[in-house]
Amino acid sequence: MAPATANASQMVKVTGFIQRNPHNGDLASQRTEAYLGYDEKNLYVVFVCFDDPAKVRARMSRREDIFDDDTVEIMLDTFHDRRRAYAFQTTPLGVQWDAIWTEVPHEDNTGSTANFDPSFDTVWHSNGKLTSRGYVVWMAIPFKSLRFSPAREQSWGIILYRGILRENEDDFWPEISRSVEGRLAQGATAGGLEDISPGRNMQFIPYGVLRSFRALDTRDPTAPRFDHRDAEFRGGIDSKFVLHDNLVLDVTANPDFSQVESDEPQITVNQRFEVFFPERRPFFLENSDYFKTPIDLFFTRRIGDPQFGARLTGKVGPYSLGILATDDRGPGNRVPDSDPLAGERSTFAIARVNRDIFGQSSIGAIYTDWEFPAADEFNRVGGIDSRLKFNPNWTGNFEAVTSSTKNQDGSYEAGPAYKAEANYSATHLNYDATYNDISPGFTTNAGFVNRVDIRQIGNSLDYRFWPESSSVLSWGPSLLTDHVWSHDGTRLDALYSPTLVFRLRGQTFFNFSPYTDFRERLRPRDFPTLAQDQDYHEHNYFIAAGTSYLPKATVQAYYQRGTGVDFVPPADQSPVLALADVVNLLLSFRPISALKIDNTYLFDRLRDRNSGAAIFNNHIVRSKWNWQFNRQLSLRLILQYTATLANPALTSLETSKQFNGDFLITYLLHPGTAIYVGYNSDLQHLMLDSAAGTITRTRTGYINDSRQFFVKVSYLFRF
Numbered sequence: 010m011a012p013a014t015a016n017a018s019q020m021v022k023v024t025g026f027i028q029r030n031p032h033n034g035d036l037a038s039q040r041t042e043a044y045l046g047y048d049e050k051n052l053y054v055v056f057v058c059f060d061d062p063a064k065v066r067a068r069m070s071r072r073e074d075i076f077d078d079d080t081v082e083i084m085l086d087t088f089h090d091r092r093r094a095y096a097f098q099t100t101p102l103g104v105q106w107d108a109i110w111t112e113v114p115h116e117d118n119t120g121s122t123a124n125f126d127p128s129f130d131t132v133w134h135s136n137g138k139l140t141s142r143g144y145v146v147w148m149a150i151p152f153k154s155l156r157f158s159p160a161r162e163q164s165w166g167i168i169l170y171r172g173i174l175r176e177n178e179d180d181f182w183p184e185i186s187r188s189v190e191g192r193l194a195q196g197a198t199a200g201g202l203e204d205i206s207p208g209r210n211m212q213f214i215p216y217g218v219l220r221s222f223r224a225l226d227t228r229d230p231t232a233p234r235f236d237h238r239d240a241e242f243r244g245g246i247d248s249k250f251v252l253h254d255n256l257v258l259d260v261t262a263n264p265d266f267s268q269v270e271s272d273e274p275q276i277t278v279n280q281r282f283e284v285f286f287p288e289r290r291p292f293f294l295e296n297s298d299y300f301k302t303p304i305d306l307f308f309t310r311r312i313g314d315p316q317f318g319a320r321l322t323g324k325v326g327p328y329s330l331g332i333l334a335t336d337d338r339g340p341g342n343r344v345p346d347s348d349p350l351a352g353e354r355s356t357f358a359i360a361r362v363n364r365d366i367f368g369q370s371s372i373g374a375i376y377t378d379w380e381f382p383a384a385d386e387f388n389r390v391g392g393i394d395s396r397l398k399f400n401p402n403w404t405g406n407f408e409a410v411t412s413s414t415k416n417q418d419g420s421y422e423a424g425p426a427y428k429a430e431a432n433y434s435a436t437h438l439n440y441d442a443t444y445n446d447i448s449p450g451f452t453t454n455a456g457f458v459n460r461v462d463i464r465q466i467g468n469s470l471d472y473r474f475w476p477e478s479s480s481v482l483s484w485g486p487s488l489l490t491d492h493v494w495s496h497d498g499t500r501l502d503a504l505y506s507p508t509l510v511f512r513l514r515g516q517t518f519f520n521f522s523p524y525t526d527f528r529e530r531l532r533p534r535d536f537p538t539l540a541q542d543q544d545y546h547e548h549n550y551f552i553a554a555g556t557s558y559l560p561k562a563t564v565q566a567y568y569q570r571g572t573g574v575d576f577v578p579p580a581d582q583s584p585v586l587a588l589a590d591v592v593n594l595l596l597s598f599r600p601i602s603a604l605k606i607d608n609t610y611l612f613d614r615l616r617d618r619n620s621g622a623a624i625f626n627n628h629i630v631r632s633k634w635n636w637q638f639n640r641q642l643s644l645r646l647i648l649q650y651t652a653t654l655a656n657p658a659l660t661s662l663e664t665s666k667q668f669n670g671d672f673l674i675t676y677l678l679h680p681g682t683a684i685y686v687g688y689n690s691d692l693q694h695l696m697l698d699s700a701a702g703t704i705t706r707t708r709t710g711y712i713n714d715s716r717q718f719f720v721k722v723s724y725l726f727r728f
């Protein structure tokens with residue numbers, strides 16, 4: 010096999026891919042050839058992947074849903090700073106995924122820690138096909154989809170990748186070793202790129218939405234009512250302007266997020282602290298890595314209903330810059346019309362600068378400002394941070410910030426917060442130590458800090474064995490410890506959790522923790538029903554397993570049993586220790602290539618330790634169906650049932666049941682140009698008495714508390 014492109018004779022050939030997983034440093038199990046070339050408009054990449062075509066995993070799927078298939082990828086460090094790179098990845102059928110890689114991990118849009126930020130979406134071209142000897146993939150990446158310096162001759166970092174799913178195999182050129190922390194410092198250099206430019210391009214994405222809806226309005230608890238529109242049109246525009254090749258100004262007016270998928274299910278019942286739900290809205294996800302700091306000071310889900318927003322991001326010399334300003338109609342929309350704050354809005358402003366120092370280190374500063382003038386409230390946070398890479402294995406992070414807050418009642422709060430982290434990463438040993446110090450007066454209205462007045466020390470230690478010629482790819486022990494004190498020296502939490510971890514071929518894993526010990530101290534300030542500090546000693550064990558050994562199915566299961574605290578006892582009673590069970594199940598399968606069905610079941614139960622009677626049972630069942638007719642056209646259906654079955658004698662929780670459905674047809678020509686047709690509906694066990702001005706939960710009968718039908722059209726104009 011060889012590339013059949015028009016400029017194939019001028020392309021540079023690359024071979025000699027090396028494994029990172031499962032056998033670090035070995036030659037790839039399958040031969041891969043890559044060809045690279047460019048003209049004044051595009052960078053071209055061709056992957057020729059040799060393999061048994063019957064074993065290649067390749068299915069038709071929607072854009073960015075590629076991780077059930079084999080893949081190939083090119084990473085481009087266009088500023089060659091070894092800190093940030095573009096990633097372009099496809100399946101053997103050319104289905105696209107693009108992202109930004111950063112050497113510093115961050116929370117992704119699933120809430121997990123990751124180096125890839127898949128919120129980056131741009132226009133590029135790809136195609137792929139299976140052959141009798143494997144598969145071939147072609148990519149064309151326009152230079153106007155990239156940002157780089159204005160120099161006449163470019164020198165970029167480059168990494169090529171191939172993933173062979175059935176073997177858990179990750180192959181790279183050049184070699185990207187597990188024994189060295191990070192990737193970009195190990196990349197190759199592509200020099201001699203001449204007379205190319207991203208241009209002073211501009212793009213505009215106007216959209217229009219026509220919708221009808223009916224929703225229960227409970228802003229005034231004494232007068233609940235239904236609000237409805239038979240036909241409502243709204244429009245808006247997203248704009249992007251490239252300044253001096255390497256700065257990007259994004260402006261949005263009246264953004265709409267109708268097509269954004271609902272949150273993945275999480276257990277929110279009986280949680281002592283706020284549960285983190287990651288951002289899913291495209292405008293706030295794009296280039297969010299510019300605003301990341303060790304303490305999460307910019308959590309964009311705090312911005313509930315923006316009408317206008319502007320963001321400037323980019324890199325000038327050694328300086329990375331991020332500035333964002335937006336309004337939020339949320340505070341004025343959450344109160345009844347009779348409230349003096351009805352219709353008022355708050356504002357968010359964030360400024361972040363980072364300077365490269367040494368090889369892969371940096372220092373930075375951040376300032377966030379939340380203002381609500383109508384209520385005479387504000388919250389301002391500022392501070393400095395740094396990332397230091399001491400050698401190929403050791404890295405460290407540090408941040409020190411302080412906040413100043415004025416509350417609606419006229420009171421003021423202020424206080425500092427600090428975070429320090431040291432990380433060691435190598436082939437066998439990974440270690441992470443964290444110190445977190447949040448003062449009692451610290452507040453961040455623009456960020457996510459769900460607990461204050463703590464000093465916390467956490468440690469995570471993993472050791473892995475990598476057997477040769479075995480179905481077990483790696484195995485070893487892990488240990489997690491966590492200790493928390495208040496600023497007055499009171500011990501609050503202590504956690505010890507050892508785990509044994511196994512990774513096998515066929516995307517298979519097995520984890521087992523024989524004993525997790527958690528000691529928690531609650532105080533009268535936490536729960537006024539407590540007469541004095543009360544200690545709770547919880548212990549659990551858990552088993553987790555999963556496999557994608559069968560090409561058409563993925564199964565994962567998690568079971569935890571032990572004890573836990575009931576934080577929602579009956580009125581005037583104190584929290585008690587109870588028997589706890591947790592079950593998480595995932596079944597994902599493809600009955601045919603174009604149809605993917607993801608099923609999730611979450612179960613959380615507390616029982617009285619003396620009688621065994623249920624305190625509550627919490628069930629979440631979710632089924633997501635995605636039918637991909639071709640690379641552009643797809644149909645998505647999500648059905649979810651949530652139920653909390655409460656025992657009123659043992660908890661203050663109320664029994665509640667909810668069913669919602671989400672139907673969406675998408676025609677996505679490329680990012681920015683799309684047609685969406687959707688319907689969503691929500692049913693709850695509620696009873697509305699408009700005359701009496703009451704809404705109550707009931708154990709029988711549902712009401713449709715919200716439903717919406719919409720058609721959305723957007724189009725990308727690129728100049």
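So for the sequence shown, the working numbering puts the first residue at 10; every next one is plus one.
Backbone N, C-alpha and C fix where the C-beta goes; we use that ideal spot for every residue, glycine too.
Remember, predicted model here, so these are calculated numbers, not experimental data.
- Between A197 and F300, the alpha-carbon positions lie close to 28 Å from each other.
- Residue environment analysis places N459 among the exposed positions, since fewer than 16 neighbouring C-beta atoms fall within 10 angstroms of its C-beta.
- Annotated three-state conformation of Q582 is coil, per DSSP.
- Residue state for R192 is assigned as coil, using DSSP reduced to three classes.
- Sequence-distant partners of Q417 (beyond 5 residues in either direction) whose C-beta falls short of 6 Å from its own C-beta, in its chain, are A384, E386.
- In this chain, the alpha helix (DSSP H) harbouring G341 covers 339-342.
- Restricted to the region 320-377, the beta strand (DSSP E) segments that are unbroken, complete and at least 3 residues in length are 328-337, 355-366, listed in chain order.
- DSSP places E184 in the coil class of the three-state scheme, outside both helix and strand.
- Counting the other Cβ atoms within 10 Å of the Cβ of V57 gives 16 or more, which makes it buried.
- From the listed residues N445, A589, G143, the smallest Cα separation to R40 is found for G143.
- Where P291 is concerned, the enclosing alpha helix (DSSP H) starts and stops at 291-294.
- In the displayed model, L659 falls within coil according to three-state DSSP, outside both helix and strand.
- With respect to I359, A455 sits close: the two C-beta atoms are nearer than 8 Å.
- Rounded to whole angstroms, the gap between the alpha carbons of L615 and Y568 is 14 Å.
- By the 16-neighbour rule on beta-carbons within 10 angstroms, R396 is buried.
- At the C-beta level, S715 and I214 stay beyond 8 Å of one another.
- When the beta-carbon positions are compared, D617 and L677 stay at least 8 Å from each other.
- By a beta-carbon distance limit of 8 Å, P327 contacts R364. Their separation comes to about 5 Å.
- Counting along the chain, F387 sits inside the beta strand (DSSP E) bounded by residues 386-398.
- C-alpha of P315 to C-alpha of G339: approximately 8 Å in a straight line.
- Bounds of the beta strand (DSSP E) holding V251 are 234-252.
- Rounded to the nearest whole angstrom, the CA to CA distance from E241 to D265 is 13 Å.
- With fewer than 16 other Cβ atoms inside 10 Å of its own Cβ, P476 counts as exposed.
- Here P425 is bridged, per DSSP, to T411.
- Spatial neighbours of F250 in its own chain (CB-CB distance under 6 Å, excluding positions within 5 residues in sequence) are listed in chain order as M211, L258.
- Rounded to the nearest whole angstrom, the CA to CA distance from A622 to D229 is 37 Å.
- Between the C-alpha atoms of V113 and H492 there is a straight-line separation of about 25 Å.
- Listed in chain order, the beta strand (DSSP E) runs fully inside the region 434-463 are 438-447, counting runs of at least 3 residues.
- E176 carries a helical assignment under DSSP once its states are collapsed to helix, strand and coil.
- Linking L169 to S135 through their CA atoms gives a straight-line distance of about 16 Å.
- Ranked by Cα distance from E422, the first of L52, S448, Q582 is S448.
- CA-CA distance, S186 to L102, rounds to 28 Å.
- Beta-bridge annotation (DSSP): T538 is not paired with any residue.
- Distances from the alpha-carbon of R93 to those of Q369, T80, T453 put Q369 closest.
- A distance below 6 Å between beta-carbons, with the five flanking residues on each side excluded, links R532 to the following residues of its chain, in chain order: D542.
- CA-CA distance, T525 to G573, rounds to 12 Å.
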